[in-house]
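For the sequence shown, the residue numbers in mature numbering (1 follows the signal peptide of the UniProt record, and there is no 0) are -21 to -1, 1 to 131.
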Amino acid sequence: MTPVVGWLFLQLVLRPTLVLGINIQRAIKNFEHLFIDFPRVEYEDSFQGYCNGIMAYVRGAMQKWNCPKIHYMVHVPIQSIRKYCMHSENFCVSYNQYCTITKDSFPLTICQWIQSYPPTSCRYNTTLTNSRLYLLCSRRYNAEPLDVIGIF
C-alpha cells in the first residue's frame, strides 16, 4: 500500500471508528459521575434545592452552557446498575445503541428544568421517586451503561 493510500484508508475508515470508540469510552467513564449520586449529597441552602446544586455540577462536567431539560440522578452504587447492561437484547434505533429496562426500581431524583427562567439561569424542580430505569448500553453483551434515557 502506498503512503497516500494508507493515509487515505486511515482517515476515511479507521478515524471514524477511533473517534466513536473514544466517545463511547468517555460516556462510560462519565456515567458514574453524571448519573450516580450515592450516597445522596446534601447542598447548602444557597443552591435553593438539590437539583440546582447537582445540575450546576452536571452542566460543568458536560461542558454545556444550556440547561438540560431533564436529568436523572440514581442513588445506588454503580454495581447495582451495571449488571443490567450485561445482556442488552434491544437495539434502540433512535440512539444507535443497545438499551435495556431494569427489572428493579431504584431510588432516584428527577431534575426538571423550570422554563420560566432565562436560559442562562438554570433552575430545576426536584422530584424524589422510585422507578425502573431505561438505560443506554455500550454494546449488546458485557456492556457498560452510557446514559439514563428514561424511567418506567
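Cβ atoms here follow ideal geometry from the backbone N, Cα and C, with glycine treated the same way.
Neighbour flag for residue i against chain B, beta carbons, 8 Å
| i | result |
| --- | --- |
| PHE85 | Annotation note: the requested chain B is absent from the structure, which comprises a single protein chain. |
Secondary structure of residue i, DSSP reduced to three states
| i | result |
| --- | --- |
| GLN76 | strand |
| GLN91 | strand |
| LEU(-10) | Residue placement at LEU(-10) is poorly supported in this model, since its pLDDT is 37, which falls under 50; the coordinates still yield a value, given next. Helix. |
| ASN2 | helix |
| PHE14 | helix |
| ASN9 | helix |
| ASP126 | strand |
| PHE131 | coil |
| SER110 | strand |
| ASN104 | strand |
| ASN69 | strand |
Contacts around residue i, its chain only, beta-carbon distance under 6 Å, and the 5 residues preceding and following it disregarded
| i | result |
| --- | --- |
| LEU115 | TYR74, GLN76, CYS78, LEU125, ASP126 and ILE128 |
| THR106 | ILE89 |
| THR81 | TYR63, ARG111 and LEU112 |
Contacts around residue i, its chain only, beta-carbon distance under 8 Å, and the 5 residues preceding and following it disregarded
| i | result |
| --- | --- |
| ASN109 | SER84, PHE85, PRO86 and LEU87 |
| VAL55 | ILE15, PHE17, PHE85 and PRO86 |
| MET65 | TYR120, ASN121 and ALA122 |
| LYS43 | none |
Pairwise C-alpha distance: residue j and residue i
| i | j | result |
| --- | --- | --- |
| CYS90 | PHE17 | 16 Å |
| ASN121 | SER59 | 15 Å |
| HIS12 | ARG111 | 20 Å |
| TYR22 | ILE130 | 25 Å |
| PHE26 | ASN9 | 23 Å |
Neighbourhood of residue i by C-beta distance below 7 Å, restricted to the same chain and skipping five residues each side
| i | result |
| --- | --- |
| ASN31 | ARG102 and TYR103 |
| ILE93 | ARG102, TYR103 and ASN104 |
Please specify which runs of the beta strand (DSSP E), each continuous and at least 3 residues long, are wholly inside the stretch 16 to 67, giving them in chain order. 49 to 53
Mind the definition here: the stretch 30 to 45 touches the stretch 65 to 75 only if three or more C-beta pairs lie below 8 Å; say whether that holds. no
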